[in-house]
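Chemist: The structure follows.
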């Protein structure tokens, strides 16, 4: 925690507090700025000390999310306040949550109160009437349908609609004018009086106007009744949501907790706020009881009155319409009507249960009540499960939206330029991107039900594929490691099992050679990583021994014994096994020949067995633990574990016979030439063993001479695959090298000062297997070819070595002539003049010319 906190300066923290302050002052400009700054500082300090933050970026992201959440909550309040028609003015920041009141039914006592202020306009009434009429006309017959001549006139009955509109207007006025209770009551009374006058006028007009209409069929009556019940249910549900938001706001918030920590001057204000909250809770309880009474009254009225019928336009008379005749219902229609009444009664029971527990309802729980379309990806999931998965996917991908929006222009540009697409296709491609982004950026307040989980999943896959394909391999691995770091220990165990199972699946599609060359297979998804089997915890037989007592074994449909023992001959094809049997016979015979040959050689001790498959050969004089003893190991099977070698040095494989390994107690370069031999005869092996010991003694003497000069640092390199031995000599002091041009322009001091180059030069000498009878070869590091000064060094070294080789060839010719005259054998050979020390002398001579 302290590591990332130290990277944040006080100026940055103050800047974040000022951002929160400016955001709050935009909504509440009349509030005291000093007090708002205290609240902003407290909010920033709380985010800074949150235990879940692990980095500076996480802290900045939490600040941004908090500002975004504050903005959403304030916009929601603004949208709720916008439902009323009062002029919107910037309100001061509330110290306590404001609880709107639901308009009580108008009583004669309220109508007699004299008004104290100008009545507010009630133009919402006409709008609500039009909306209600439009809603009802959607399920009624068209006004242009033909009329029957014998249909009696029916009076237009709109009293229920007008009363509902008046109730809605009174509720809206009461919600907006909650802060001034006395004045608002007067205004409400005035509005109620005006509404009553309008209702009277409407009723008079309705009584004077009569129209002709068709009688409703039983099915239309059922549909009309269900529609009215649904509208009434929606109105009551909105009132319940408002009450729930009020009760939720009355609980202690972050701002109130900060005020509790202020000096004693604010304690009096807190007591007043608590009293106001208690009064508001009592008023809310009264309003809940009134809603229950209204529901019962409306239910009784619906049973008494007949369903309203839409009136065709253009037909009016002054006669009063008689009551329509009740047509008998069929048994099927009676069952439908009974089912509709039962569903309405069930909705009323659920609503009453919510009224009894209003505090349990919150705006966040409304997301669980949203209808969802059935998912083809999860056919057995319930509505609640689909709803939860929908919002979990939205929250998981929202953190990538800023990065995705940043790369959208680049992706669209590449799409238009690569294939020269038409502008219409490019716009369609761009619109698809933006639609998917908007689909993911939804909130519970902005989403349009029903929720479609399949559509959201397709959008998520499309955006994530485009986003991950735009990342480099390094960024992909960083995200993979980031997801691993964020997981807990328990999740990492499941994560490890998934990785091992994933690798086991890849072996079905990728060969072992491919996996060994590439080192593994990676996936672009941030939560999947396919890799080569690690040696730490690997349950497969081809891996090293597992360090845990109970290794993780991947489960499949059929049980597979991965660690069960099987004979080696079953793993080898028939042709290969026959070759292996022949080789084993040769090795067994060679082992016996070596033991018999050492018994007859006076310079060597008789070979003896260390274990069943290993023998040791030693010199008579220098034998022992410190000598150049030769260890020979014969593998009995083609798939055995590698031999570790002697106590001091590791084992080396024989190139021609991979089932034979050798090692020594002395320097490995003393027996290195034996790796390049063909091990078929014991006599040849013992002969080359003695020559390699002489070679090793000569190399050790020459290296001791070079070390005594104290001019070079020496490093030896043993190439076991190709059976070669290299020695690298590097100068200890830096040398000033000059090119040919610099040597010609030594009089010009400026050029010498600017172009001088100092180097620690190195030369790599390869010692042949039959040294000293073959000359030393040299090479330079490959980077020397890039420098012009070192190219001159290489060209001069080549000339000197050619001259030395010519001299060596001349000596060999003279030696051959002498051997022929003296009848010596052809196998006699003189040592070469180009030794390790002579090669270094040539190297120093060339350096003097360049320095």
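Residue numbers (UniProt numbering): 1 to 851.
Ideal Cβ placement from N, Cα and C applies to all residues, glycine included.
If you draw a straight line from the alpha carbon of residue 386 to that of residue 456, how long is it in whole angstroms?
Modeler: Straight-line Cα distance between these residues: approximately 11 angstroms.
Chemist: Return the chain-ordered list of same chain residues with a C-beta closer than 7 angstroms to the C-beta of residue 13, the five sequence neighbours on each side being excluded.
Modeler: These residues qualify, in order along the chain: 44 and 48.
Chemist: Just list the residues that DSSP pairs residue 436 with in beta bridges.
Modeler: Bridge partners of residue 436: none, in fact.
Chemist: Do you know how far the Cα of residue 434 is from the Cα of residue 450?
Modeler: Answer to the nearest angstrom: the Cα atoms are 21 angstroms apart.
Chemist: Using beta-carbon positions only, say whether residue 665 and residue 646 come within less than 7 angstroms of one another.
Modeler: Yes. Within cutoff.
Chemist: Between the C-alpha atoms of residue 768 and residue 774, what's the straight-line distance to the nearest angstrom?
Modeler: The straight-line gap from Cα to Cα measures roughly 7 angstroms.
Chemist: Which one or two residues does DSSP pair with residue 712 in a beta bridge?
Modeler: Answer is 731, bridged to residue 712.
Chemist: For the putative contact between residue 794 and residue 784, defined by C-beta atoms under 8 angstroms, what is the C-beta separation to the nearest angstrom?
Modeler: At roughly 7 angstroms, the Cβ-Cβ gap stays under 8 angstroms, so residue 794 and residue 784 are in contact.
Chemist: Taking only the alpha-carbon atoms, compute the straight-line gap between residue 289 and residue 228 and give it to the nearest angstrom.
Modeler: For residue 289 and residue 228, the distance between alpha carbons rounds to 22 angstroms.
Chemist: Quick one: give me the first and last residue of the alpha helix (DSSP H) that residue 477 is part of.
Modeler: Note, residue 477: alpha helix (DSSP H), 473 to 486.
Chemist: What are the residues that DSSP puts in a beta bridge with residue 652?
Modeler: 662, per the DSSP bridge assignment.
Chemist: What's the gap between the Cα of residue 590 and the Cα of residue 678?
Modeler: Their backbone Cα atoms lie some 12 angstroms apart in a straight line.
Chemist: Have a look at the DSSP bridge pairing and note the partners of residue 717.
Modeler: The partner list for residue 717 (beta bridge, DSSP) reads 726.
Chemist: Less than 7 angstroms between the C-beta atoms of residue 397 and residue 460, yes or no?
Modeler: Yes, these two residues count as a Cβ contact at 7 angstroms.
Chemist: Of the residues 424, 762 and 54, which one's Cα is nearest the Cα of residue 6?
Modeler: Of 424, 762 and 54, the residue nearest in Cα terms is 54.
Chemist: Are the Cβ atoms of residue 712 and residue 725 separated by less than 7 angstroms?
Modeler: Not closer than 7 angstroms, so no.
Chemist: Per the DSSP calculation, residue 631 is bridged to which residue(s)?
Modeler: Note: residue 631 sits in a beta bridge opposite 616 and 663.
Chemist: Nearest-angstrom Cα distance between residue 79 and residue 220?
Modeler: Approximately 36 angstroms, taken between the alpha carbons.
Chemist: Check whether the region 51 to 65 touches the region 22 to 33, counting contact only when three or more Cβ pairs, one atom from each stretch, lie closer than 8 angstroms.
Modeler: The region 51 to 65 is not in contact with the region 22 to 33.
Chemist: Starting from residue 469, trace the alpha helix (DSSP H) both ways and give me its first and last residue.
Modeler: 453 to 469 is the span of the alpha helix (DSSP H), which, as asked, contains residue 469.
Chemist: According to DSSP, what are the bridge partners of residue 763?
Modeler: For residue 763, which the question treats as bridged, DSSP gives the partners 729.
Chemist: Taking residue 59 as part of the alpha helix (DSSP H), name the residues at either end of that continuous run.
Modeler: Unbroken alpha helix (DSSP H) run through residue 59: 56 to 81.
Chemist: Can you tell me the Cβ-Cβ gap for residue 370 and residue 453, rounded? I've got them flagged as a contact below 8 angstroms.
Modeler: Not a contact, Cβ separation roughly 12 angstroms.
Chemist: Which one of 72, 64, 4 and 382 has the shortest CA to CA distance from residue 56?
Modeler: Ranking the options by Cα distance to residue 56, first place goes to 4.
Chemist: If I'm right that residue 20 touches residue 67 with Cβ under 8 angstroms, what's the distance once you round it to whole angstroms?
Modeler: Confirmed, Cβ separation roughly 6 angstroms.
Chemist: Give the DSSP-derived three-state secondary structure of residue 668 in the structure shown.
Modeler: In this structure, residue 668 counts as helix in the three-state DSSP scheme.
Chemist: So, using beta-carbon positions, are residue 615 and residue 609 closer together than 7 angstroms?
Modeler: Yes, Cβ-Cβ distance for residue 615 and residue 609 is below 7 angstroms.
Chemist: What's the C-alpha gap between residue 717 and residue 668?
Modeler: When rounded, the distance between both Cα atoms is 11 angstroms.
Chemist: Could you pull out every residue in the same chain whose Cβ sits closer than 7 angstroms to the Cβ of residue 416, ignoring the five residues on either side in sequence?
Modeler: Closer than 7 angstroms at Cβ, skipping near neighbours: 426.
Chemist: What's the gap between the Cα of residue 581 and the Cα of residue 651?
Modeler: In a straight line, the C-alpha of residue 581 is about 24 angstroms away from that of residue 651.
Chemist: Smallest Cα separation from residue 436: which of 588, 462 and 606?
Modeler: Comparing Cα-Cα distances from residue 436 to each of 588, 462 and 606, the minimum goes to 462.
Chemist: Counting only runs that start and end within the region 27 to 54, where is the alpha helix (DSSP H) found for 4 or more residues in a row?
Modeler: The region 27 to 54 contains these whole alpha helix (DSSP H) runs: 33 to 48.
Chemist: Please report how far the alpha carbon of residue 593 lies from the alpha carbon of residue 634, in whole angstroms.
Modeler: Between residue 593 and residue 634, the C-alpha separation is close to 14 angstroms.
Chemist: Buried or exposed, going by whether 16 or more other CB atoms sit within 10 Å of the CB of residue 696?
Modeler: By the 10 Å Cβ count, residue 696 comes out buried.
Chemist: Please return the same chain residues whose Cβ sits closer than 7 angstroms to the Cβ of residue 835, not counting the five positions on each side in sequence.
Modeler: Counting only Cβ-Cβ distances below 7 angstroms, and skipping sequence neighbours, we find 702, 772 and 776.
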